[in-house]
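J.: Under the numbering used here, think of the first position of the sequence shown as 26, with each following residue one higher. Glycine included, every Cβ here is placed at the ideal spot set by N, Cα and C. The model shown is predicted, which means the values in this text are computed figures rather than measured ones.
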Amino acid sequence: MSDWTQIRPIVKALLENERNSSSGKYNGERCFITAYQLAVLVAKENPNLKGNLSIGGKGVGPDSFSRQIAWHLSQEIDGEYFEGKLEIGFFSQSGLDEFSFDGGHKPSLNEFSMFRLRET
Numbered sequence: 026m027s028d029w030t031q032i033r034p035i036v037k038a039l040l041e042n043e044r045n046s047s048s049g050k051y052n053g054e055r056c057f058i059t060a061y062q063l064a065v066l067v068a069k070e071n072p073n074l075k076g077n078l079s080i081g082g083k084g085v086g087p088d089s090f091s092r093q094i095a096w097h098l099s100q101e102i103d104g105e106y107f108e109g110k111l112e113i114g115f116f117s118q119s120g121l122d123e124f125s126f127d128g129g130h131k132p133s134l135n136e137f138s139m140f141r142l143r144e145t
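Next comes the structure, spelled out in structure tokens:
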């Protein structure tokens, strides 16, 4: 993975866009976006930033792009860069063993840490 200081502004812009867009709301409530989704969107915008890391998945281990993003964001919950407006949430593990994406990709629980920015 490239230096976090290169990735962080892209992630912040994605979180801001999610907070401000109609797609970032469900029944009037603000949505969270998972670390996995962020990894996919960052890699789509600039594939070189993830380096040789996979996006993620069950069994990939700690060296996936989504887990690196989740870890860095969790370290910045109260930090200055996000001005104390970063929130984190987690899915329950219940039923996760049976869950898979198309193509048989099995997500790991770490990919389901989710983030959003508080209202301004």
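1) Buried or exposed: which applies to S99, given that a residue is buried once 16 or more other Cβ atoms fall within 10 Å of its Cβ?
2) Give the secondary structure of R44 by DSSP, where H, G and I count as helix, E and B as strand, and everything else as coil.
3) What residue from R92, C56, L111 has the CA that sits closest to E101's CA?
4) From this set, A60, G114, L78, which residue's C-alpha is nearest H97's C-alpha?
5) Assuming R143 is part of the beta strand (DSSP E), what are its boundary residues?
T.: This is what the structure holds:
1) exposed
2) helix
3) L111
4) A60
5) From DSSP, R143 is part of no beta strand (DSSP E); its letter is neither H nor E.
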